[in-house]
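A.B. asks: Dropping the structure in here first, questions after.
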Amino acid sequence: MADKMSNLCRSLILSRKTGSFLQGQQYFLKKFSQGMRYRGLSSTETLGRRHCKPSLSEGTNNFDANKEFLISKIEEAIPACGSEKVFPHSMARKVIQEEAEALMRLADSVDSSFDDAVSMLEKLDASSRVIVVGIGKSGHLGRKIAATFSSTGTSALFMHATEALHGDLGVVRGGDVVLLLSNSGETQEVIDVARSLRDMRVKTIAVCSSKSSTLSSLCSLCIPIGKHKELDHNGLAPTASAIVMMSIGDALAVVLSKRKRFSKKDFSRCHPAGEIGKAARD
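Start counting at 1 in the sequence shown, then tack on 712, and there's your number in my numbering.
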């Protein structure tokens, strides 16, 4: 249907220049009478009666006024025609480009708070761990971040924020550092965990959008990731915010690994299986 409507649009717009508008509008109205609808226009039955006086069916009386009315309505509707013809791969490119732009903004904003976090994590002794806490999408990211820490030489585990509040806080040791993830910095369960950890005198790092958040105020330090527009059509699904949060986790793990001079041999001990393990042994 989008192709048919696009052709109708072109026929009517071009008729402005060729002087064949009457023929074009009759064709347009005929097609509309078959039940087609167009954004910004009424149905065929009411189009002339409601908006054009006298009706278009009465010939060329008020022709110029009717012509300009239809032209203006069709030109308003043309973007709708175009939007229906956007290919999924074009939409995908836009999403990926916008995620890449979010990462570049993050890269430009990383400051000395990252240095402070690395310094805190480097002081972990052999019996201490990084414990990553999150819930929802931040929880899924937390599992990945903890796994990356563990495979690159920093002992880590993930703890779900709700489970932490129902007994799992017992796993935390005094020498651990807890990484708390919340894009808004206002996730209630994560805030409650941060309060409990503060009472336990455990060192904490918040990863959230702003240092002015509640979570940041409860933690030993904060790595701000900034506020990013989400990329779904509703602007709600964690997309850009998720990619920048995961990137900060990767950056922490990789920087620590490099500073520890974690070798391929060391990596092969943590990751002996699969193609990665084979590559580490070569």
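Glycine included, each C-beta is placed from N, C-alpha and C at the ideal position.
1. Quick one: what does DSSP say A868 is sitting in, helix, strand or coil?
2. Let me know the secondary structure DSSP gives L893 once reduced to three states.
3. Report the option in A918, C931, G846 and E810 whose CA atom is closest to the CA atom of T951.
4. Since T997 is in the beta strand (DSSP E), which residue starts that stretch and which ends it?
5. Could you pull the DSSP bridge partners for P950 from this structure?
6. When the Cα atoms are used, what is the spatial distance from D880 to D888?
7. Output yes or no for whether 7 Å exceeds the beta carbon distance between V905 and A876.
8. Where do the N-terminal and C-terminal ends of the alpha helix (DSSP H) with C982 fall, by residue?
9. Could you have a look at R817 and say whether DSSP puts it in helix, strand or coil?
10. Please confirm if the region 798 to 816 is in contact with the region 853 to 871, defined as three or more CB-CB distances below 8 Å between the two stretches.
11. To which residues of the same chain is L909 closer than 6 Å at the C-beta, ignoring the five residues directly before and after it?
12. Per the DSSP calculation, P800 is bridged to which residue(s)?
13. Counting along the chain, where does the alpha helix (DSSP H) carrying V883 start and finish?
14. With H, G and I counted as helix, E and B as strand and the rest as coil, what does DSSP make of R993?
15. With a threshold of 6 Å, establish whether the CB of G886 neighbours any heavy atom of the ligand GDP.
16. Output the distance between the C-alpha atoms of H945 and Q900, rounded to the nearest integer angstrom.
17. Considering only C-alpha positions, which residue in the set G986, A963 and H940 is nearest to S953?
18. Which word fits P936, buried or exposed, when buried means at least 16 other C-beta atoms lie within 10 angstroms of its C-beta?
C.D. replies: Reading from the atomic positions:
1. For this step, residue 868 is matched to residue 156 along the sequence shown. Note: A868 maps to strand in three-state DSSP.
2. The sequence position of residue 893 within the sequence shown is 181, counting from 1. In this structure, L893 counts as strand in the three-state DSSP scheme.
3. Start at 1 with the first residue of the sequence shown, and residue 951 comes out as number 239. For the residues A918, C931, G846 and E810, the minimum Cα distance to T951 belongs to E810.
4. Absent from the structure is residue 997, since the part of the chain shown begins at 713 and ends at 994.
5. On the sequence shown, position 238 is the one that residue 950 refers to. In the DSSP output, where bridge partners are listed per residue, P950 has none listed.
6. Here residue 880 refers to the residue found at position 168 of the sequence shown. Here residue 888 refers to the residue found at position 176 of the sequence shown. Taken atom to atom, the span from the alpha-carbon of D880 to that of D888 is near 14 Å.
7. Mapped onto the sequence shown, residue 905 falls at position 193. Mapped onto the sequence shown, residue 876 falls at position 164. Yes, Cβ-Cβ distance for V905 and A876 is below 7 Å.
8. In the sequence shown, residue 982 corresponds to position 270, counting from 1. It spans K976 to C982 - the alpha helix (DSSP H) in which C982 sits, taken as one unbroken run.
9. Residue 817 sits at position 105 when you count from the first residue of the sequence shown. R817 falls in the helix class under three-state DSSP.
10. Flag = no, the region 798 to 816 and the region 853 to 871 do not touch.
11. Looking up residue 909 in the sequence shown gives position 197. Leaving aside the five residues that flank L909 on each side, the residues in its chain whose CB is nearer than 6 Å to its CB run, in chain order, V890 and T916.
12. For this step, residue 800 is matched to residue 88 along the sequence shown. In DSSP, P800 forms no bridge with anything.
13. By one-based count along the sequence shown, residue 883 stands at place 171. Looking at the DSSP string, V883 is not in any alpha helix (DSSP H), and its letter there is neither H nor E.
14. What you label residue 993 is simply residue 281 of the sequence shown in a count that begins at 1. Correct three-state label for R993: helix.
15. Within the structure as shown, the ligand GDP is missing, as the structure has no ligands at all.
16. The residue given as residue 945 occupies position 233 in the sequence shown. The residue given as residue 900 occupies position 188 in the sequence shown. Linking H945 to Q900 through their CA atoms gives a straight-line distance of about 26 Å.
17. On the sequence shown, residue 953 is found 241 positions in, with the first residue counted as 1. It is H940 whose Cα lies nearest to the Cα of S953.
18. Residue mapping note: residue 936 aligns to position 224 of the sequence shown, counting from 1. P936 comes out buried.
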